[in-house]
Every structure is written in structure tokens, then in C-alpha cells.
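In our numbering, the protein residues as written are 409 to 596.
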């Protein structure tokens, strides 16, 4: 947007647009949560501000869980760019919860299953409405280092004990494995 151009003058060099204006094989989308944008206060550096989304369940990170927003964004994006839009791949989507193995050794992360199931259904609904979605990648296979939070946010389908390196597949791992094995082309 034109309003943001002055903020980018130091990082966008002459010729950059010619380099990046190339055909895409696919459009990759990382989706975790929607954002609500509002007008900024008069003295703000940015011409907008982030507003809190209320009334939704939240992940362990405190992010709102709104799968309908993913569906609506995909549909809006297709309507806006029509034939110019290449196929879409959801390259990252997931949630963190403080899931640990129980006394039986099982990591019961039903909230993650619910998150993934709802978001996959949202993507399938968008595909049924004509959005060319070619894939959905759950973030992440393993609990890992999150660059702003260290080891505190567990996004993985596999629990990692960071002290010992022991890995325990979570309930969501089996659910996702079975889904992919039985419905490999279920988005369309």
C-alpha cells in the first residue's frame, strides 16, 4: 500500500520489483491466527495498529483459534487475484500447547487434533468453493526451538524431552498419519 511505501524506502532498492516480479509456481501461506487491524493513534509510527481478537479459544501461545478466518482469507484472495493467483500451499499451520507425557507415557494433545481438523476442514471448504489449494503442512513434526520463545512453545506432533532428546509421538501424530494415509487427496 502507498501508505507503507515511506517505511520501506531504506530496504527496497531500485530494481527490486523487477527481480521479484516473476511468475510463481505456488503461493505459500503460513497461517496460525488471524489479525484484526485498526486505525492507529495519531502519534503512531505505523499507519495501523493490531487489535486483540476476543471471544475465541486460544492456543498455549495465547493466539486465537479461528479456522473460519483461514477459509475466508483463501476465498477472498482467490476473488481478488483470480487467474493471476497460482496454486496455494499452506506451508505452515499449527498450534502450541503445554502438552507433556502423562503417567502412562501418552501425550494426549486433543486440542492440537481439534485445531488441525478444524483448519483442514476450512481449507477443504475453500477448495470446494474453487480455491486451488494443493497442500497443507502441519507445523511442526517435532517440538523445537521457537526463535522468540525458546523451548517454551510445543508445536510438534512429536514430543521432545529437551533434557534427554527422547521423542514420543503425540496422539496428534497418529491422527495426522492416519488422515494422510486414508485421505491423501481430501482437500478438493
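All C-beta atoms in this analysis are idealised placements derived from N, C-alpha and C, irrespective of residue type, glycine included. For clarity, every value in this text was computed on a predicted model and none was experimentally measured.
Out of 414, 568, 446, which one is the CA nearest neighbour of residue 376? Lying outside 409 to 596, the shown extent of the chain, residue 376 is not represented and no answer is given.
Assuming residue 534 contacts residue 483 under a Cβ cut-off of 8 Å, what Cβ separation, rounded to an integer in Å, is found between them? Approximately 5 Å separates the beta-carbon atoms of residue 534 and residue 483; this is inside 8 Å, confirming the contact.
DSSP state of residue 605 mapped onto helix, strand, coil: Absent from the model: residue 605. The displayed extent of the chain is 409 to 596, so no value can be given.
Determine, using beta carbons only, whether residue 579 and residue 514 come nearer to each other than 8 Å. Contact flag set, yes.
What residue range is occupied by the uninterrupted beta strand (DSSP E) comprising residue 541? Segment 541-546, the beta strand (DSSP E) holding residue 541.
Among the candidates 431, 566, 558, 422, whose CA atom is the shortest distance from the CA of residue 493? In terms of Cα proximity to residue 493, the closest of 431, 566, 558, 422 is 431.
Report yes or no: do three or more beta-carbon pairs, one from the region 521-539 and one from the region 500-507, lie closer than 8 Å? Here the region 521-539 makes contact with the region 500-507; the two share three or more CB pairs at distances below 8 Å.
So residue 577 is in the alpha helix (DSSP H); what residue range does that whole segment cover? Not the alpha helix (DSSP H): residue 577 falls in the beta strand (DSSP E), residues 575-577.
Less than 8 Å between the C-beta atoms of residue 458 and residue 443, yes or no? Cβ distance < 8 Å, so residue 458 and residue 443 count as in contact.
Rounded straight-line distance, which links the Cα of residue 478 to that of residue 542: Each residue's CA atom was taken as its position, placing residue 542 and residue 478 some 15 Å apart.
Please check the pair residue 577 and residue 566, which I expect to be a contact at CB under 8 Å, by giving their CB distance rounded to whole angstroms. Yes, they are in contact, since the Cβ atoms of residue 577 and residue 566 sit about 5 Å apart, within 8 Å.
Let me check understanding here. Comparing Cα to Cα, which of 548, 518, 528 lies closest to residue 476? Looking only at 548, 518, 528, the smallest Cα-Cα distance to residue 476 is reached by 528.
Name, in chain order, the residues that DSSP records as bridge partners for residue 427. Beta-bridge pairing links residue 427 to no other residue.
So what does residue 552 bridge to, in DSSP terms? DSSP, once it has assigned bridges, lists no residue as partnering residue 552.
Using CA atoms only, rank isn't needed, just tell me which of 546, 508, 495 is closest to residue 440. Selected option, being the one with the closest Cα: 546.
For residue 500, name the three-state secondary structure that DSSP assigns. Residue 500: strand per DSSP, three-state reduction.
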